[in-house]
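Worksheet for the structure shown next.
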Amino acid sequence: MGRVLIAGAGYVGIELGRSLAAAGMQVVALRRRAELVPAPLRAVAADLSDPASLRALEGPFDAIAYTASADSSSDDDYVKAYITGLENLLSAVAAPRVVFTSSTAVYAQTDGGWVDESSPAESSHFTGKRLREAEALVLERATEGVVLRLGGIYGPGRQSLLGLVREGRASVADGPPEYTNRFHRDDCAGALAHLLTLDNPKSLYLGVDDDPVDRRTMIEWLAQELGAPPPQVKPAGQAQGGRRSLSNKRCRNALLKASGYRLLHPSFRDGYRALLTAP
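Given below as structure tokens:
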């Protein structure tokens, strides 16, 4: 594979582009603000919601990674980013393989049980519904469509949770476990690079680490690592991140690992330790 387009080159897409370029590939990075795209990626200023702006793209491409994100958590912006933008791009350029970054938010399960690629993905929230529409579009339009459903992304530059814990302002819910599924940014990029080049990939994978964890356990561990006060315990629904209606499931990554991908950060402990010890 020689030429890859990253559509929506943001937090994950830029890191993906760096890794692909280091492997000797020519990477074209599409972003509205092209000045934010670092060398050696070739920046193209375009807006996925504006078909005319996509004329600046010069195909063909060997593969496309669609890593765009919505501008806000509104239904209109989800449609704009994941359906309108995707349709516009697939109409403007072609590639044998298209890898789309979706989310584990497509799952409606909230009982703390395990889910994998075979589990029903029937979220009643618009976020999950729009992502499912986009997944179907990729699998219908691309010769080799691949969907990667990502868990909660964290990594360099995303320090808000660490700040809350460090300052003693973090809170957790009292009651039964509320599971969260994490995936370090570098594993997001690594898994995408793997799927862009993998022979005969499956159409769907879960992008999460090995260790779905109760949010309270994670916050208490972070407080210990930081030498910070333990988190405040509040009634369910009042704690930070307490969105039981949209979360509380444990996602399996067995299929991704069976495909040959090796995690850089198998657990939130590995990933956060790397952040805490970074210069």
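For the sequence shown, my numbering assigns the number 3 to the initial residue and increments by one for each residue that follows. Using N, Cα and C, we set each Cβ at its ideal position, and we do this for glycine too. Please read all numbers here as calculations on a predicted model, not as lab measurements.
(1) Taking DSSP as the reference, what is the three-state secondary structure of Glu89?
(2) Quick one: grab the DSSP three-state call for His196.
(3) How many Å lie between Val39 and Arg33 at the Cα?
(4) Within 10 angstroms of its Cβ, does Ser75 collect 16 or more other Cβ (buried), or is it exposed?
(5) In the DSSP output, which residue or residues are listed as bridge partners for Ser104?
(6) Measuring only the C-alpha atoms, how far is Leu277 from Tyr181?
(7) Short of 6 Å in beta carbon distance, which residues of its chain neighbour Asp118, apart from the five on each side in sequence? Order them along the chain.
(8) Check Gln226 in the structure and name its three-state DSSP category.
(9) For Leu88 and Arg168, I'd like the C-alpha separation in whole angstroms.
(10) Does the distance from the C-beta atom of Ala97 to that of Asp64 stay below 8 Å?
(11) State the CB to CB distance for the pair Asp113 and Asn202, rounded to an integer number of angstroms; the pair is presumed to be in contact (CB under 8 Å).
(12) If I measure Cβ to Cβ from Val100 and keep anything under 6 Å in the same chain, skipping five residues before and after, which residues do I get?
(13) For Gly177, which residues in the same chain have their Cβ closer than 6 Å to its Cβ, ignoring the five residues on either side in sequence?
(14) What residue from Ala47, Gly26 and Met27 has the CA that sits closest to Ala36's CA?
(15) Can you give me the Cβ contacts of Asp79 inside the same chain, cut-off strictly under 8 Å, excluding the 5 residues immediately before and after it?
(16) Rank Thr106, Gly10 and Pro62 by C-alpha distance to the C-alpha of Asp49 and give the top, closest one.
(17) State the Cα-Cα distance for the pair Gly2 and Phe270, rounded to the nearest angstrom.
(18) When DSSP labels each residue in this structure, what does Phe270 get in the three-state scheme?
(19) Give me the residue from Gln226, Tyr263 and Pro281 with the minimum Cα distance to Arg218.
(20) Rounded to the nearest angstrom, what separates Val215 and Leu56 at their Cα positions?
(21) With which residues is Lys236 paired in a DSSP beta bridge?
(22) According to DSSP, simplified to helix, strand and coil, what is Glu135?
(23) Quick one: what's got a C-beta closer than 7 Å to Glu17's C-beta in the same chain, skipping five residues either side?
(24) From Leu265 to Ser21, what does the alpha carbon distance come to, in whole angstroms?
Based on what the coordinates show:
(1) Translated into positions along the sequence shown, residue 89 becomes position 87. Of the three classes helix, strand and coil, the one that applies to Glu89 here is helix, per DSSP.
(2) One-based indexing of the sequence shown puts residue 196 at position 194. In the three-state DSSP reduction, His196 falls in the helix class (H, G or I).
(3) The residue you call residue 39 lines up with position 37 of the sequence shown. The residue you call residue 33 lines up with position 31 of the sequence shown. Approximately 8 Å, taken between the alpha carbons.
(4) For the purposes of this step, residue 75 is identified with residue 73 of the sequence shown, where counting begins at 1. A residue is called buried once 16 or more other Cβ atoms fall within 10 Å of its Cβ, and Ser75, having fewer, is exposed.
(5) Taking the first residue of the sequence shown as 1, we reach residue 104 at position 102. DSSP lists Arg151 as partners of Ser104.
(6) Counting from one through the sequence shown, the residue named residue 277 turns up at place 275. Counting from one through the sequence shown, the residue named residue 181 turns up at place 179. Computed Cα separation, rounded: 22 Å.
(7) Numbered from 1 along the sequence shown, position 116 holds the residue referred to as residue 118. Here Asp118 has Arg254 as same chain residues with Cβ atoms under 6 Å from its own Cβ, once five neighbours each way along the sequence are excluded.
(8) Locating residue 226 in the sequence shown gives position 224, counting from the first residue. In the structure shown, Gln226 sits in a helix (DSSP, three-state: H, G or I).
(9) Reading the sequence shown from its first residue, position 86 is the one you call residue 88. Reading the sequence shown from its first residue, position 166 is the one you call residue 168. Taking the straight line from one Cα to the other gives about 40 Å.
(10) Taking the first residue of the sequence shown as position 1, residue 97 is located at position 95. Taking the first residue of the sequence shown as position 1, residue 64 is located at position 62. Yes, the Cβ-Cβ distance between Ala97 and Asp64 is below 8 Å.
(11) Your numbering for residue 113 matches position 111 in the sequence shown. Your numbering for residue 202 matches position 200 in the sequence shown. Contact between Asp113 and Asn202 does not hold, since their C-beta atoms are separated by about 34 Å, which reaches or exceeds 8 Å.
(12) Position 98 of the sequence shown, counting from 1, holds the residue named residue 100. Only Ile66, Val140, Ala144 and Gly147 meet the Cβ criterion.
(13) Along the sequence shown, one-based indexing puts residue 177 at 175. Cβ within range, chain order: Ala238.
(14) Counted from its first residue, the sequence shown places residue 36 at position 34. Per the Cα distances, Ala47.
(15) Against the sequence shown, residue 79 aligns to sequence position 77. Excluding residues within five positions, the ones whose Cβ falls inside 8 Å are Ala72 and Asp73.
(16) To locate residue 49, count along the sequence shown from 1; it is residue 47. Closest by alpha carbon: Gly10.
(17) No answer is possible for residue 2: the residues shown for the chain start at 3 and end at 281.
(18) One-based indexing of the sequence shown puts residue 270 at position 268. Of the three classes helix, strand and coil, the one that applies to Phe270 here is helix, per DSSP.
(19) Stepping through the sequence shown from its first residue, residue 218 is reached at position 216. For Arg218, the nearest C-alpha among the options comes from Gln226.
(20) Taking the sequence shown and counting its residues from 1, one reaches residue 215 at position 213. Taking the sequence shown and counting its residues from 1, one reaches residue 56 at position 54. When only Cα atoms are considered, Val215 and Leu56 end up about 41 Å apart.
(21) Along the sequence shown, read from residue 1 onward, the residue named residue 236 stands at position 234. Lys236 is bridged to Ala175.
(22) Residue mapping note: residue 135 aligns to position 133 of the sequence shown, counting from 1. DSSP, reduced to helix, strand and coil, places Glu135 within a helical segment of the structure shown.
(23) Reading the sequence shown from its first residue, position 15 is the one you call residue 17. Once the five neighbours on either side are set aside, the close Cβ partners of Glu17 are Arg187, Asp188 and Ala191.
(24) Mapped onto the sequence shown, residue 265 falls at position 263. Mapped onto the sequence shown, residue 21 falls at position 19. If you take the alpha carbons of Leu265 and Ser21, they lie about 15 Å apart.
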